[in-house]
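Going by the numbering used here, the letters in the sequence shown line up with residues 39 to 442, in that order.
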Amino acid sequence: MKRAQRITNYIFFTATILIAIFALVFGIYEYRRELSFRVDILHSQLQLNNYHYVDGAGEEGIRVTVIDTMGNVLSDTEEDDVSHMGNHIGREEMWKALQSGSGYAIKRASETNGEKYFYSATRFGDKIVRSSVPYSAELTSSLEHDYTFFYYTASILALIATAIYFRHRYVNSEQEKQRIKRQLTENAAHELKTPAATIEGYLETLAENPDMPEDKRQEFIMRCHAQSRRMSRLLGDMSTLTRLDEAEIARPQTPIDAAVIIRQIEEETASQFAERNIELQIDIPESLPMTGDASLIYSLFRNIFSNAIAYATHATLFWVKATVTDGRYQFTFMDNGVGVQQEHLSRIFERFYRIDKGRSRQIGGTGLGLAIVKNIALQYGGSAYATTTAGGGLTIKVEVMKEG
């Protein structure tokens with residue numbers, strides 16, 4: 039599974055990089071193509087002015103210079119005396135015009151006044167007419183690249199990258215679900231093996247010893263019954279986790295009252311707490327309305343109560359408190375028993391994680407109770423975590439949204 043995830047990650051990042059490179063290369067190409075297009079438009083406009091000038095109708099405000107094919111300046115619309123103007127034969131626009139009939143040069147400084155111009159030259163027989171416009175803010179603006187394409191490309195790239203990212207997350211999520219399912223199946227098979235083998239052993243003994251004393255027979259039958267109940271609880275917990283993993287629960291469902299559910303569990307477990315000499319204190323409001331699945335909320339609270347009954351060793355108090363903040367309920371379940379060592383606190387919500395495996399199996403625990411608690415809390419937009427009670431013991435805090 040890790041190898042598959044690495045391959046998926048590699049494909050995701052490779053695809054993203056390739057798309058980014060493609061967008062960059064295509065963007066540079068488009069930039070140069072569009073700049074060339076804009077230059078060609080300006081060059082064509084100035085070429086037209088050259089023709090008009092020859093016809094005696096040049097546009098005012100555009101500097102025009104007439105040069106012979108040897109590069110000597112014959113006239114200039116901005117200079118009365120052109121004798122000081124050097125030979126122009128080496129100018130870019132000049133040799134282009136001599137070779138192909140027309141040419142241009144971008145952003146070259148004039149030797150006469152030092153200003154930068156855009157030059158466009160046209161050959162007419164033994165003369166070359168050259169129009170030039172200052173490389174002003176207006177001209178710069180006209181030659182500037184239109185970044186609309188870049189914005190468009192960036193938006194498309196972002197959309198593609200987002201789609202790939204969510205597809206990547208979906209694949210990883212599906213892989214993680216498969217890993218969890220496989221792990222759950224493997225752990226469940228291991229957990230079911232012990233009670234199944236125990237039941238098989240007792241039944242074989244009963245079948246092979248028809249004359250077994252009645253009291254012994256009843257003992258074996260009761261042990262088989264206990265193990266079958268353990269298997270039933272395990273299968274029920276696995277079913278709940280599977281439903282949660284596959285998000286089959288549509289929320290919200292119906293109005294429920296968490297306070298009523300907690301008090302119902304209090305009545306159901308009061309005798310068990312009393313047998314262990316644990317005082318049960320419930321400090322919650324009269325009503326805690328919310329929307330959701332009543333059976334799931336019951337399962338969430340019931341598992342925490344059952345966990346305290348089974349594992350709050352030497353505790354004398356189990357205290358339940360509820361507070362309301364920002365549309366959330368926070369439930370605190372605290373005992374003053376021996377508690378849980380720090381290294382176990384972050385793992386007690388893992389599936390099949392047991393601190394004392396032997397004792398957990400002995401009392402019939404499935405190892406899934408707190409995992410169910412956490413998963414239900416997550417389904418209801420909340421969280422579940424454990425801390426050490428001040429003075430000793432375990433505190434479990436659960437948050438859920440009021441509106442499921």
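Glycine included, each C-beta is placed from N, C-alpha and C at the ideal position.
Since we're looking at a predicted model, the values are computed, not measured.
message: If you reduce the DSSP assignment to three classes, tell me which class Ala428 lands in.
response: Reduced to three states, the DSSP call for Ala428 is coil.
message: In this structure, how does DSSP classify Val171 when only helix, strand and coil are distinguished?
response: When DSSP states are grouped into helix, strand and coil, Val171 belongs to the strand group.
query: Based on Cα-Cα distance, which residue from Ser138, Phe369, Val376, Leu406 lies nearest to Ile386?
result: Nearest of Ser138, Phe369, Val376, Leu406 to Ile386, Cα basis: Leu406.
- prompt: Is it right to say Thr178 is buried, meaning 16 or more other beta carbons lie within 10 angstroms of its own, or is it exposed?
  reply: Confidence at Thr178 is low in this model, with a pLDDT of 47, below 50, so the placement of that residue is unreliable and no value is reported for it.
- prompt: Would His126 pass as a contact of Gly109 if the rule is Cβ separation under 8 angstroms?
  reply: yes
Other residues of its chain near Ile316: CB distance less than 7 angstroms, five sequence neighbours each side excluded: Around Ile316: Ala350, Ala353, Thr354, Leu355, Phe356.
- prompt: Shorter than 8 angstroms from the beta carbon of Thr115 to some beta carbon of chain E?
  reply: In the displayed structure, chain E is absent; only one protein chain is listed.
- prompt: With C-beta atoms as the reference, is Tyr142 less than 8 angstroms away from His81?
  reply: yes
task: Under 6 angstroms Cβ to Cβ from Ile414, same chain only, skipping five residues before and after it: list those, please.
output: Leu334, Leu338
- prompt: If you drop the 5 nearest sequence neighbours on each side, which residues of the same chain put their C-beta closer than 7 angstroms to that of Asn345?
  reply: Apart from the 5 residues on each side of it in sequence, Asn345 sits with its Cβ closer than 7 angstroms to the Cβ of Gly407, Leu408 in its chain, given in chain order.
- prompt: Which residue comes first and which comes last in the beta strand (DSSP E) that contains Glu317?
  reply: 317-321
message: So for Tyr423, helix, strand or coil by DSSP?
response: For Tyr423, the three-state secondary structure derived from DSSP is strand.
task: Within the segment 303-362, note down every full beta strand (DSSP E) run reaching 3 residues or more, in order along the chain.
output: 317-321, 327-330
message: For a quick check, are the C-beta atoms of Val411 and Arg366 less than 8 angstroms apart?
response: no
- request: Would you mind stating whether Leu112 and Ser158 have Cβ atoms separated by less than 8 angstroms?
  value: no
message: Quick check on this structure: which residue in Ile144, Ser169, Leu136 has the alpha carbon closest to the alpha carbon of Gly163?
response: Leu136
message: Quick check on DSSP: helix, strand or coil for Ile100?
response: Coil, per DSSP.
Exposure label - Phe168; buried when at least 16 CB within 10 Å: For the sequence presented, residue 168 should be read as Arg rather than Phe. Counting C-beta atoms within 10 angstroms of its own C-beta, Arg168 has 16 or more neighbours from the protein chains shown and is therefore classed as buried.
task: Could you say which of Leu318, Asp331, Arg261 lies nearest to Pro293 if we only look at CA atoms?
output: Nearest in C-alpha terms to Pro293, of all of Leu318, Asp331, Arg261, is Asp331.
For Ala424, the nearest candidate out of Gly430, Leu383, Phe390 (CA to CA): Leu383
- request: Alpha carbon to alpha carbon, how far is Leu326 from Glu257? Give it in angstroms, no decimals.
  value: Near 45 angstroms, if we compare the C-alpha coordinates of Leu326 and Glu257.
message: Let's test the definition: count the other Cβ atoms within 10 Å of the Cβ of Thr52 and tell me whether it reaches 16, buried, or not, exposed.
response: exposed
CA-to-CA distance, Val378 to Ala428, given in whole angstroms: 12 angstroms
- prompt: DSSP state of Gly405, grouped into three classes?
  reply: Reduced to three states, the DSSP call for Gly405 is coil.
query: CA-CA distance, Asp295 and Met328?
result: 6 angstroms
Proximal residues to Leu282 (C-beta, below 7 angstroms), its chain only, five neighbours per side dropped: Closer than 7 angstroms at the Cβ level, and outside the excluded window around Leu282, lie Asn413, Ile414, Gln417.
- prompt: Under 8 angstroms between the Cβ atoms of Val102 and Gly96?
  reply: yes
task: Note down, in chain order, each residue of its chain lying with its Cβ closer than 8 angstroms to the Cβ of Glu131, except the 5 sequence neighbours on either side.
output: Gly141, Tyr142, Ala143, Tyr157, Ser158, Ala159, Arg168
query: By the 10 Å Cβ neighbour count, where 16 or more other Cβ atoms means buried, how is Arg267 classified, buried or exposed?
result: exposed
task: Mind checking who Tyr91 pairs with in its DSSP beta bridge?
output: Partner(s): none; Tyr91 has no beta bridge.
- prompt: Roughly how many angstroms lie between the CA atoms of Thr107 and Leu197, to the nearest whole one?
  reply: Roughly 57 angstroms separates the two Cα atoms.
- request: Return helix, strand or coil for Ser121, following the three-state DSSP convention.
  value: coil
field: Cβ-based neighbour list, Lys359, same chain, cut-off 6 angstroms, excluding 5 preceding and 5 following
entry: Asp321, Thr370
query: Count the other CB atoms within 10 Å of the CB of Phe60; is the residue buried (16 or more) or exposed (fewer)?
result: exposed
query: Can you tell me whether Gln265 is buried or exposed, with buried defined as 16 or more other CB within 10 angstroms of its CB?
result: buried
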